[in-house]
Structures are given as structure tokens and as C-alpha cells.
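Colleague:
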Amino acid sequence: MIRRVLFNLMAWAIVLAVAFPLFWMVVTSLKPQSELFRRPPTILPEVTTFEHYWRLLSETNFLTYFQNSVVLSVVTTVVVVSIATLGAYSIVRFKYWGRESLAFLVLFTYLLPSVVLIIPLYLMLVGLGLSNTIFSLVIAYTTFALPYALWLLRSFMAGIPEDLESAALVDGASRMGAFRDVILPQLLPGIISTALFTFILSWNEYLYALVLVNSDNTRPLTTGVMNMLISSFNVEWSLLMAASVMMSVPLIIVFAFLQSYLTRGFGAGGVKG
Amino acid sequence: MADVVFKNVHKKFGDFIAVEGLDLSIEEGEFVSLLGPSGCGKTTTLRMLAGLEFPSSGEISIGDRVVNDLPPGKRDIAMVFQSYALYPHMSVEKNIAYPLKKRGVPRSEQGPMIARVAEMLQLTPLLSRKPRQLSGGQQQRVALGRALVRDPKVFLLDEPLSNLDAKLRGIMRAELVELHQRLGRTMVYVTHDQLEAMTMSDRIAVMYDKKLQQFAPPQEVYREPANRFVAGFIGMPSMNLIDGDLSQEGDRWMFRSGSISVPVGPLVADARGGEACLGVRPENLLLGEGPTPAVVQLVERTGHENIVVVEIEGGLRMTGRVPASTDWKTGETIQMSIQSEAAHVFAAGPTGRRLNIASVAVRP
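Residue numbers (UniProt numbering), protein chains in the order written: chain Z, 1 to 273; chain X, 1 to 364.
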């Protein structure tokens, strides 16, 4: 009995510890400037205002950054999922020399800390004339999202019985036809969770965005907001919190609808990968 | 006319040999079983016929076309898989329609074709369901329906009944035989279950160790097994195989092993004396009469008969079948003898060839 109570207390303590900063972020974004630094702080705002949101949308580059982030994350996700799906299919279904070593080599690149690759990648992208473009970030994110995506999809792909594809071939489908009609629908949960991982990764990435892109037209949200609201002398707390809330909204929506796929992805990666 | 022909077909996966020197000629409309233990090459053979694997050498033809390089969809075959391989995201109707769709049958013609097959397999009320909402037997029918809807030249069945329970298996066996008679199409059936092969086939191709061992009608495979492996593999309980010596005495051959001494023959012209193997079906072991004393080790009562395992001097164990009315107890000593005119003689080795010319006594 006591153990159960203790266990519950601990679980709730952890939930609170995780949830409180989020709660504080939302509350702060709704407080007027005058109430922000009051001591003792008010838990719930005495006056609720949306002026920070309005200022962010009308007076700053927030919408440009937001648009950049959306383009960047969507394109990266599409590129990564397309390549990883075909790659996983090849690694699982075709038998060729070095197939397993290739798979492990890919995993090995994932083990490298991504910071190590920043300078060489930056120089290569400059050499390609891609510096300061959203596309350079797409390439950079693809390099570190792809290995994980490949492994995740590989375990999903391995779970699809080969007989299904054989049956489609006997029924008159071409290889591509069988892939489209039979494999892809079966792979959908895997594709969705891989897409989610990639999207979240690209949406939240900060370091590469900071190094590779430094014009206001191409900055994504992460670096854009930091650059705009945090300077050496001042932090615009209320705007920062409003921006953070708006940055979180797309992810929260995505999570709410596709959460079950995401947890399935964790399971697949953990058991089979 | 031969419908399906394998001509000296070999299949290797890297260094692993899966099928070796296969020659097989299946007549049009015939029901042929590929029978053998797991790893014998029977499934690889079927997959090569389907076009899912390609032979390393040799030639496979269906009808009058060599199909070696044709993809599965162009071979005019249909296949039922052991796992059924129903498309999980499609309804029963869509599953059955898939081969029609892929072959460009107009939508207006698909409806009646699907309805006909659904009617035949009693699937009509299930057409809108998804495969996971069906029982094993129903899934099996859908898999059959998908194969039947298109009237192909050859049907390939890869252990289609092995996932069903014993009772349903019996029912489906009868249905498949009836279906074969009704359609008159060539069917190639892979199984490791000799009962299925014996009851359904026109001819059985027994495979073992990557090679075809015998290709003959079921009765012939049972009565005149081509070699020691086939002799031991076909029949329940299996044939008693006794290792011993073969020698020529005057104008007749004698087989000796421990206390057993049996006259055998006639043998093939090139038979030699020396190590050999005597094969005796349980029904040809005469228990309760004869010169050899034997101790009863085990009595299995199946209801209509008893299966008795006895041990003779020298520790050799043999199995016999006797009427259910016999009432021997374990440990009891009885007399026995071997019905020598029904015995088989094989050369030494696991696939030692048959040495005796078909014994006249056991012919029908």
C-alpha cells in the first residue's frame, strides 16, 4: 500500500517536473509586460493578453521563419522518407554482397556526434554554392536523419512477409506494382513514424541552422527566434514565450493525431533494429 | 501432352545446392504432389515453377513455352501460399479481384467472375470483410478464390492445408480433390504430409536431399518404393528397415541379420552380395505365428487395430500391425515371422536403390 502511494507520488512528481515549464511558458506568454517580473509571481495571469502574439506576427520576421521551418522540415521529411523506404526495401529484400555490412556502416555513421561533421559539411556546401540556403539545411539534416530512418524502416520492412510480395508478383504485378500495391500500404505505420521522427528532428534542430544559415530570409524558427529576441543585453521574455508556444503548436497537433504510430516506431526500433 | 517439364534443373544459392538434376514431366490435368521432408528442395522447385526463383541451369517449360526467364505474372499460373498471403489492407473482394485488375480485365467483367468464385467457395457473405476478420478456413478459401478467379493453366499450391486443424484439413482435402476434378487443370502441390500426397495425387514426386527419388502413382510409391529413403518415408507406421547381409546360395538369394534369415528375390540382374537392407511393412510382419521369439515392447491401440513394437534377439526392434482383438501385454513373449515374399531389398546407404523385382504376391 505504502509502496503504491510512494510510486504514485513519484510518478506525479515527474509529470509535474516535465509539465511545469510548459505551463509556465503558456502562462508567461499571456501575461502583460507589467506582470512578468512581479514578486511573488502570479501563477495565473491577472489580466490575459494576446498582445505578444500580435506583436510577434505583425512587427517581426516570425512568419518568415515559420514558413522557412515548414518548408525545411517538410522537404527534409519527404526526401528522407523516400530514400529510406527504397533503401530499406533493398536491404531487406534483395540479396547482394555487402548488404549487411552496408546496413551496419550506415548505423555507424549515426554514432558519430553530428558536431564533428559541421565544418566539413559547411565547407562542402559552400563549395557547392549552397551556403545560406534552406536547401543546404535540407542536405545537412538528411545526412543525420537518413541513417536512423533507414534502420527504423528496415525493421518495419522485415516484418512484412515476403509471401505477400510473391503473391502480388504471381497475380501479375510488376516489382514496382507489388511495392506500391502491397508493400507500401503495409509499411504505412513505419513510414508515418519515420516521417514524424524526421519532422521533429528538422523542426527542432538548432546547431546546424546556426552555422549554415545566417541571413534573415532563410533562417528557420529555432535560430530566427533566438537571434531576434535574445541579445547580449536583453531577453524579450514575453515575446520569446509566445514564439515558443507557436513553435510547439505544429508538433503538438502532429503528436496528438499520430502518437500511437510514434510509440510503435520506438518499439520496432528497439526490438528488431 | 506434358504440361510442365523440368529438364535437368539445378538451383544453387551461393554455395548451397537446393535442387540437383531435376527431371520431371507433368501431364496436362494431372494432380502432382511434391513430397519430402523439410529442406529436400520441394518448395524451391515450386518457386522456380512460379518464377519466384530462377534455375541456375536447366530448363523449365509450361505448355509449349520455355519459361526460364519469364516473370511470374507472365507464366499463366496461380499460386496458393502456405501463409495464404492475403493482402491485409484489402477486402476479400479486392483480394480476389487483384489478379484480374493486374491483367487488365475490364471492371464490368470482374464482377461476375468474382461472384462465380465466391459462390463456388461460399465466400459471398464475406466479400466486404478484411482478411483478419476471417477464420483460418475462410482465409484459406479466399486464397483459393484468388487463384481460381482467373482460370490459369497451372495451379501451384504450397502446403496450403498445413495451418488448418486436423478436421478442417480433412474437409479441405476432399474439396481440393473435387475442385481438381471439376476444373481439370494441372495442379502441383507441395506437402510434407504423406497422407495428403497419397490421398489427393495422381502421381507423387518424392524428393530427398535435393534430388527426385521417385515419381509414380501413390500405390506404386507404396508398393514398390524405388529406394530405401522412399520406403522409410512413405507409410504409417513406417516400414521396418533391417540392415544385414545379402548372399547368393545356389539359385536363390538369402538375407541374414542376427537371428533373422529370410529368402528374398527375385532380384535385379546386377545385384551383388554383401551389405544390404531388408524392408518389411508392418502389415507383412506376422505376429503370433512363426519360428522367431519376440518380446512385446509397446502396444498402441488406434481403435480399429493395434500397432505392436516387438524386440527380437540381438536388440532389433520391429513394428507390426495386428487386429484390435489381440490382447498382448508389454513384456509378453510371442512368436513372429516375416512374410518374405512381401519383403523389399535395398542396397546399402540412405538412398540405396531397390534390388528386388516387384514382388508378385503383393500386387492387387
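Backbone N, C-alpha and C define an ideal beta-carbon position, used for all residues, glycine too.
Can you give me the C-alpha to C-alpha distance between X/Val-360 and X/Gln-297, rounded to a whole angstrom?
Modeller: Taking the second sequence and counting its residues from 1, the one referred to as residue 360 of chain X is at position 360. Taking the second sequence and counting its residues from 1, the one referred to as residue 297 of chain X is at position 297. Interpretation of X/Val-360 is limited by its pLDDT of 47, a score under 50 that renders its predicted location unreliable; no figure is taken from the coordinates.
Colleague: What span of residues does the beta strand (DSSP E) with X/Ala-271 cover, start to end?
Modeller: Along the second sequence, one-based indexing puts residue 271 of chain X at 271. That residue, X/Ala-271, is in no beta strand (DSSP E); it is neither H nor E in DSSP.
Colleague: At what residues does the alpha helix (DSSP H) containing X/Lys-42 begin and finish?
Modeller: Here residue 42 of chain X refers to the residue found at position 42 of the second sequence. X/Lys-42 -> alpha helix (DSSP H) spans 42-50.
Colleague: Measure the Cβ-Cβ separation of X/Val-190 and X/Gln-214 and say whether it is below 7 Å.
Modeller: By 1-based counting over the second sequence, the position of residue 190 of chain X is 190. By 1-based counting over the second sequence, the position of residue 214 of chain X is 214. Not a contact, by the Cβ cut-off of 7 Å.
Colleague: Please list the terminal residues of the continuous alpha helix (DSSP H) segment that includes Z/Ile-14.
Modeller: In the first sequence, counting from the first residue as 1, residue 14 of chain Z sits at position 14. Element bounds for Z/Ile-14: 2-30.
Colleague: Comparing the C-beta of X/Pro-99 with each C-beta of chain Z, is any distance below 7 Å?
Modeller: Within the second sequence, numbered from 1, the residue matching residue 99 of chain X stands at position 99. By this cut-off, X/Pro-99 is an interface position.
Colleague: Using a beta-carbon distance cut-off of less than 8 Å, what residues from the segment 163-188 of chain Z approach chain X?
Modeller: Answer in chain order: Asp-163, Leu-164, Ser-166, Ala-167, Ala-168, Leu-169, Val-170, Asp-171, Gly-172, Ala-173, Ser-174, Gly-177, Asp-181, Val-182, Pro-185, Gln-186.
Colleague: Could you spell out the range, first to last residue, of the alpha helix (DSSP H) harbouring Z/Asp-163?
Modeller: Translated into the one-based positions of the first sequence, residue 163 of chain Z becomes position 163. Run containing Z/Asp-163: 162-170, per the alpha helix (DSSP H) assignment.
Colleague: In angstroms with no decimal places, state the Cα-to-Cα distance between X/Phe-155 and X/Arg-65.
Modeller: As a position in the second sequence, residue 155 of chain X is number 155, starting the count at 1. As a position in the second sequence, residue 65 of chain X is number 65, starting the count at 1. Between X/Phe-155 and X/Arg-65, the C-alpha separation is close to 16 Å.
Colleague: Mind checking if Z/Pro-21 is an interface residue toward chain X, Cβ cutoff 7 Å exclusive?
Modeller: The residue you call residue 21 of chain Z lines up with position 21 of the first sequence. Chain X, which has no Cβ nearer than 7 Å to the Cβ of Z/Pro-21, makes this no.
Colleague: Could you pull out every unbroken beta strand (DSSP E) segment of at least 3 residues lying fully inside the segment 285-356 of chain X, listed in chain order?
Modeller: Here the runs fully enclosed are 285-301, 305-312, 317-323, 333-338, 344-347.
Colleague: With DSSP collapsed to three states, give me the class of X/His-10.
Modeller: As a working note, residue 10 of chain X is residue 10 in the second sequence. In this structure, X/His-10 counts as strand in the three-state DSSP scheme.
Colleague: So which residues on chain Z does X/Ser-83 lean against when the C-beta distance must stay under 7 Å?
Modeller: Counting from one through the second sequence, the residue named residue 83 of chain X turns up at place 83. Those are Pro-161, Asp-163, listed as they occur along chain Z.
Colleague: Considering only DSSP beta bridges, list what X/Glu-249 is partnered with.
Modeller: Counted from its first residue, the second sequence places residue 249 of chain X at position 249. Bridge partners of X/Glu-249: X/Arg-252.
Colleague: Taking Cβ-Cβ distances shorter than 8 Å, what residues in chain Z pair up with X/Leu-52?
Modeller: For this step, residue 52 of chain X is matched to residue 52 along the second sequence. Correct list: Ser-166, Leu-169, Val-170.
Colleague: Quick one: is X/His-192 near chain Z, going by C-beta distance under 7 Å?
Modeller: Walking along the second sequence from the start, residue 192 of chain X turns up at place 192. So no, X/His-192 is outside the interface.
Colleague: Applying the 10 Å Cβ sphere with the 16-neighbour rule, what's the burial state of X/Asn-227?
Modeller: Numbered from 1 along the second sequence, position 227 holds the residue referred to as residue 227 of chain X. It is buried - the Cβ of X/Asn-227 has at least 16 other Cβ atoms within 10 Å.
Colleague: Would you grab the beta carbon distance between X/Gly-314 and X/Gly-258 for me? Rounded to a whole angstrom, and I think it's under 8 Å.
Modeller: Walking along the second sequence from the start, residue 314 of chain X turns up at place 314. Walking along the second sequence from the start, residue 258 of chain X turns up at place 258. The pair is a contact, with the Cβ atoms about 4 Å apart (cut-off 8 Å).
Colleague: How big is the Cα-Cα spacing for X/Arg-150 and X/Pro-99?
Modeller: Here the question's residue 150 of chain X lines up with position 150 in the second sequence. Here the question's residue 99 of chain X lines up with position 99 in the second sequence. Approximately 7 Å, taken between the alpha carbons.
Colleague: My parser needs the alpha helix (DSSP H) runs of 4 or more residues fully inside the segment 74-145 of chain Z; what are they?
Modeller: If we require 4 residues or more, the alpha helix (DSSP H) runs fully inside the segment 74-145 of chain Z come out as 99-111, 114-127.
Colleague: For Z/Thr-60 and Z/Ile-139, I'd like the C-alpha separation in whole angstroms.
Modeller: Sequence index remark: in the first sequence, residue 60 of chain Z carries index 60 (1-based). Sequence index remark: in the first sequence, residue 139 of chain Z carries index 139 (1-based). Roughly 28 Å between the two C-alpha positions.
Colleague: Have a look at X/Val-142, X/Gly-137, X/Val-295 and flag the residue whose alpha-carbon is nearest the alpha-carbon of X/Leu-127.
Modeller: Locating residue 127 of chain X in the second sequence gives position 127, counting from the first residue. Among X/Val-142, X/Gly-137, X/Val-295, the Cα nearest to that of X/Leu-127 belongs to X/Val-142.
Colleague: Where does X/Phe-31 fall in DSSP's three states?
Modeller: Residue 31 of chain X sits at position 31 when you count from the first residue of the second sequence. Note: X/Phe-31 maps to strand in three-state DSSP.
Colleague: Is any beta-carbon of chain Z found at less than 7 Å from that of X/His-89?
Modeller: Indexing the second sequence from 1 puts residue 89 of chain X at position 89. By this cut-off, X/His-89 is an interface position.
Colleague: Rounded to whole angstroms, how far is the Cβ of X/Gly-324 from the Cβ of X/Arg-301, which I believe are closer than 8 Å?
Modeller: As a working mapping, residue 324 of chain X is identified with position 324 in the second sequence. As a working mapping, residue 301 of chain X is identified with position 301 in the second sequence. The sequence given here has Ala at residue 324 of chain X, not Gly. The Cβ separation is near 7 Å, so the contact holds.
Colleague: Thinking C-beta only, is X/Tyr-208 closer than 7 Å to X/Gly-36?
Modeller: In the second sequence, the residue the question calls residue 36 of chain X occupies position 36. In the second sequence, the residue the question calls residue 208 of chain X occupies position 208. Yes, the Cβ-Cβ distance between X/Gly-36 and X/Tyr-208 is below 7 Å.
Colleague: Taking all protein chains shown into account, do 16 or more other C-beta atoms lie within 10 angstroms of the C-beta of Z/Phe-233, making it buried, or fewer, making it exposed?
Modeller: Numbered from 1 along the first sequence, position 233 holds the residue referred to as residue 233 of chain Z. Counting Cβ neighbours within 10 Å, Z/Phe-233 comes out exposed, since fewer than 16 surround it.
Colleague: If you run the structure through DSSP and keep just helix, strand and coil, what is X/Arg-65?
Modeller: For the purposes of this step, residue 65 of chain X is taken as the residue at position 65 of the second sequence. Three-state result, X/Arg-65: strand.
Colleague: What does X/Ile-60 pair with, by DSSP beta-bridge criteria?
Modeller: Here residue 60 of chain X is taken as the residue at index 60 of the second sequence, counted from 1. Note: X/Ile-60 sits in a beta bridge opposite X/Phe-6.
Colleague: By alpha-carbon positions, which one of X/Ser-25, X/Val-262, X/Lys-7, X/Arg-203 ends up nearest to X/Pro-55?
Modeller: Walking along the second sequence from the start, residue 55 of chain X turns up at place 55. It is X/Lys-7.
Colleague: Comparing the C-beta of X/Met-198 with each C-beta of chain Z, is any distance below 7 Å?
Modeller: Position 198 of the second sequence, counted from the first residue, corresponds to residue 198 of chain X. No, X/Met-198 does not count as interfacial toward chain Z.
Colleague: Could you compute how far the alpha carbon of X/Leu-168 sits from the alpha carbon of X/His-180?
Modeller: Here residue 168 of chain X corresponds to residue number 168 of the second sequence, with the count starting at 1. Here residue 180 of chain X corresponds to residue number 180 of the second sequence, with the count starting at 1. Distance between the alpha carbons of X/Leu-168 and X/His-180 is about 18 Å.
Colleague: Name the two residues that bound the continuous beta strand (DSSP E) containing X/Thr-186.
Modeller: Counted from its first residue, the second sequence places residue 186 of chain X at position 186. Unbroken beta strand (DSSP E) run through X/Thr-186: 186-191.
Colleague: Whole angstroms are fine: how far does the CA of X/Asn-356 sit from the CA of X/Tyr-84?
Modeller: Taking the second sequence and counting its residues from 1, one reaches residue 84 of chain X at position 84. Taking the second sequence and counting its residues from 1, one reaches residue 356 of chain X at position 356. Their Cα atoms are separated by approximately 43 Å.
Colleague: Please classify X/Glu-159: is it buried, with 16 or more other beta-carbons within 10 angstroms of its beta-carbon, or exposed?
Modeller: Along the second sequence, read from residue 1 onward, the residue named residue 159 of chain X stands at position 159. With 16 or more Cβ atoms within 10 Å of its Cβ, X/Glu-159 is classed as buried.
Colleague: Kindly identify the DSSP beta-bridge partner or partners of X/Leu-157.
Modeller: Walking along the second sequence from the start, residue 157 of chain X turns up at place 157. Paired residues: X/Val-80, X/Tyr-189.
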